[in-house]
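Here is the structure we will look at.
Protein chains in written order, with my numbering: chain A, 1 to 408; chain B, 1 to 408.
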């Protein structure tokens, strides 16, 4: 995620309500026991809207609704519930998602077409609309320009920590802010995840440019993380730009466009990293880089296979320098590899060189790498110039405990 | 695995030494602490040899050696060590595998070309040849026609139980036996697994027919099981037919060929089932059948994705009727599905019908299914006639514990 460009932004404390003109709020409406389960994010004026969504063929009802809103390119509000994904809910699911938009629009005096809807949680249970109706009425009264942290908590499911970030940069001499929040800690895989992320900015951004900028940032952040290889039905990233900063609309060609893009990439990268670090039961953050692939696609295929191998992930948990499992994955994942040149490194230490145990292999050094909270696994296939990187975590018994007790 | 044909065989107690003319033995040579780690299987006469191997591109040295032996179609002996896979060991690995064959051949007065070699265990450590040399000398003196059970124990790594079976059938009025043993409980995935299996028969079988029969049986047994989705560098199935029963060589067209084939399928099916049941940390045996696929290949793709989903496997462990995770996998695994017709059933109970929660969905019944040691998950994609079945197990915290502590 490091572009080697100057960091023309500074990090500030905050989240989605840090940019001017945004308010947020949260309440509990009874979908989840005691925890907040309804969040509302509002822009005080029309905002350009961009979005990225799950590629799951059984995408949930609210994803279909948000896709329509993003096609329009404009929105005012986003209503989110946690605890229930409104997925696999058939025609009723669509009716309910549209009703959530209508209820929110009514309460705010907006048109339903300007309200986005997201749901996350259990799949296959119809939304408890009576509870949501009262929740939506209640959350409007909670709206505040300090409401970002409350909203970040209300979108959580198995997350242990809320995930927020805000950056400030200068555009045309004016201070501009970008805020973000995200949820997700399981069912996380490249091509999005059981993951919701919301970005806000008070910069004015041309609508098509906002969409292009978001897709590029998502590709190098949320699409590069994996916790367990499962891609959800509900993954959604939405980005609202309301122009409250008063700059002329940003787009390619604007002198500060690249700076803005880099800041958006940073926000997405940081939120993605927070998701992996909060991976269910995770104790380690691992960067898996594959180079020397026949193509970038093959490098990606290998990096994903390694990052999702249960045997590899459990060995990381055990701080076990069992690089043989990485070697095994490289062999079965379907990519071209030079068996006599293959290299596997943990941070700066070779495990495999010239396709076999390196004379420089030092198990104690490898184990010391694995005992760190963060490390890099580098695999060089020695076939071509293809390269890719995936960010992931280890798999602990706690992951299994969490996921064997989710609905019941 | 049920072909709907009459079972013309009976099961008898025994394993690879049950057929006439086979001896086996086992010793500890110090690769594993105290546990037997060298097994030898010997036919008293030339036997037709068939084999099936891992598709891993980084196949271990002994796999290359066995492929050569199978190409010749004949063998006398198989030497196996556990505790060290002789994989990722470069040129030295090949030298060592050939030396194992030569040492065994010398001790038995055979040609090295008639000795197969297998290794299973840790990847990337050069074989301790001095220990193996003394082990091979010692195991020859342990050969016995009662040695099957000892050999079945010596090939184990993380297996909790040895895996043996023997069947008796009648060919041309003569009693014929087929015996088998296998190891494997982790790094198990379709297209073979970290899995070794050995079949013996005293039937005379034409060499090409033996190979065809074995491949067909492997396809419907070892290639349909998955524990963790990882396919090993060492998977090998070998089948020796020594003709001690005195029948005319079996081949297609022989009146009892189909009966023999069915018995071989039964042996492979039973051994494959034993491997899944002994899956590391497994508490449940699950049959995943996908029908209604656009093709058999798509049905297989979906069945494998479901069987390897960590979220699905952990929900089984928790007896959690979280069919939403199955729904999610169906959506992301890349196969065609009719979202409005999709069905998901646990044994005879619908979880999803017409693409959504069935009015007949009864969580208590679903939970009762999951509380069983064995159950069937049926998914109907409602797109075409493609169908496939995979056999798998759940994922428990114990799996993670076992695999985070393997080499260290």
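Every residue gets a Cβ at the ideal spot worked out from N, C-alpha and C, and that includes glycine.
DSSP-derived helix/strand/coil call for residue i
{"i": "residue 361 of chain A", "result": "coil"}
{"i": "residue 209 of chain B", "result": "helix"}
{"i": "residue 12 of chain B", "result": "strand"}
{"i": "residue 193 of chain B", "result": "For residue 193 of chain B, the predicted model reports a pLDDT of 42, less than 50, meaning its position is unreliable; a value from the coordinates is still stated below. Three-state result, residue 193 of chain B: strand."}
{"i": "residue 38 of chain B", "result": "strand"}
{"i": "residue 214 of chain B", "result": "helix"}
{"i": "residue 227 of chain A", "result": "coil"}
{"i": "residue 392 of chain A", "result": "strand"}
{"i": "residue 288 of chain B", "result": "strand"}
{"i": "residue 308 of chain A", "result": "helix"}
{"i": "residue 143 of chain B", "result": "coil"}
{"i": "residue 437 of chain B", "result": "This structure cannot settle anything about residue 437 of chain B, because the visible part of chain B is limited to 1 through 408."}
{"i": "residue 100 of chain B", "result": "helix"}
{"i": "residue 397 of chain A", "result": "helix"}
{"i": "residue 129 of chain B", "result": "helix"}
{"i": "residue 17 of chain B", "result": "coil"}
{"i": "residue 240 of chain A", "result": "strand"}
{"i": "residue 90 of chain B", "result": "helix"}
Cross-strand partners of residue i (DSSP beta bridge)
{"i": "residue 402 of chain B", "result": "Paired residue(s): none; residue 402 of chain B is not in a bridge."}
{"i": "residue 343 of chain A", "result": "A:380"}
{"i": "residue 177 of chain A", "result": "A:168"}
{"i": "residue 254 of chain B", "result": "Residue 254 of chain B pairs with nothing; no bridge assigned."}
{"i": "residue 22 of chain A", "result": "A:43"}
{"i": "residue 119 of chain B", "result": "B:81"}
{"i": "residue 352 of chain A", "result": "A:344 and A:357"}
{"i": "residue 27 of chain A", "result": "A:38"}
{"i": "residue 59 of chain A", "result": "According to DSSP, residue 59 of chain A bridges with nothing at all."}
{"i": "residue 74 of chain B", "result": "B:48"}
Any chain B beta carbon closer than 8 Å to residue i
{"i": "residue 62 of chain A", "result": "no"}
{"i": "residue 295 of chain A", "result": "no"}
{"i": "residue 259 of chain A", "result": "no"}
{"i": "residue 379 of chain A", "result": "no"}
{"i": "residue 331 of chain A", "result": "yes"}
{"i": "residue 29 of chain A", "result": "no"}
{"i": "residue 58 of chain A", "result": "yes"}
{"i": "residue 323 of chain A", "result": "yes"}
{"i": "residue 403 of chain A", "result": "yes"}
Residue burial classification, residue i (beta-carbon count within 10 angstroms, cutoff 16)
{"i": "residue 334 of chain B", "result": "exposed"}
{"i": "residue 399 of chain A", "result": "buried"}
{"i": "residue 372 of chain B", "result": "exposed"}
{"i": "residue 196 of chain B", "result": "buried"}
{"i": "residue 404 of chain A", "result": "buried"}
{"i": "residue 252 of chain A", "result": "exposed"}
{"i": "residue 340 of chain B", "result": "exposed"}
{"i": "residue 411 of chain A", "result": "The structure shown has nothing for residue 411 of chain A, since chain A only spans 1 to 408."}
{"i": "residue 270 of chain B", "result": "buried"}
{"i": "residue 123 of chain A", "result": "buried"}
{"i": "residue 386 of chain A", "result": "buried"}
{"i": "residue 21 of chain A", "result": "buried"}
{"i": "residue 15 of chain A", "result": "buried"}
{"i": "residue 111 of chain A", "result": "exposed"}
{"i": "residue 31 of chain A", "result": "buried"}
{"i": "residue 11 of chain A", "result": "exposed"}
{"i": "residue 290 of chain B", "result": "buried"}
{"i": "residue 396 of chain B", "result": "buried"}
Chain A contact for residue i (CB, 8 Å cutoff)
{"i": "residue 339 of chain B", "result": "yes"}
{"i": "residue 66 of chain B", "result": "no"}
{"i": "residue 190 of chain B", "result": "Residue placement at residue 190 of chain B cannot be trusted, given a pLDDT of 42 that sits under 50; what the coordinates show is reported in the next sentence. Answer no: the Cβ-Cβ gap between residue 190 of chain B and chain A never drops below 8 Å."}
{"i": "residue 123 of chain B", "result": "yes"}
{"i": "residue 4 of chain B", "result": "Because the pLDDT of residue 4 of chain B is 45, which lies under 50, any placement of that residue in the model is unreliable, and the question is left without a value."}
{"i": "residue 249 of chain B", "result": "no"}
{"i": "residue 237 of chain B", "result": "no"}
{"i": "residue 310 of chain B", "result": "yes"}
{"i": "residue 356 of chain B", "result": "yes"}
Open item on the list: Using a Cβ distance threshold of 8 Å, determine whether the stretch 346-363 of chain B contacts the stretch 280-297 of chain B, with at least three qualifying pairs required.
Closed with: no
Open item on the list: Measuring CB atoms only, is the stretch 240-258 of chain B touching the stretch 374-388 of chain B, in the sense that at least three cross pairs come out at less than 8 Å?
Closed with: no
TODO: Indicate whether the contact test is met: 3 or more Cβ pairs, each with one atom in the stretch 53-61 of chain A and one in the stretch 21-39 of chain A, closer than 8 Å.
DONE: no
Open item on the list: Tell me whether the stretch 157-173 of chain B and the stretch 272-285 of chain B touch, counting them as touching only if at least three CB pairs, one residue from each stretch, are closer than 8 Å.
Closed with: yes
Open item on the list: Three or more C-beta pairs under 8 Å: does that hold for the stretch 237-249 of chain B against the stretch 38-58 of chain B?
Closed with: yes
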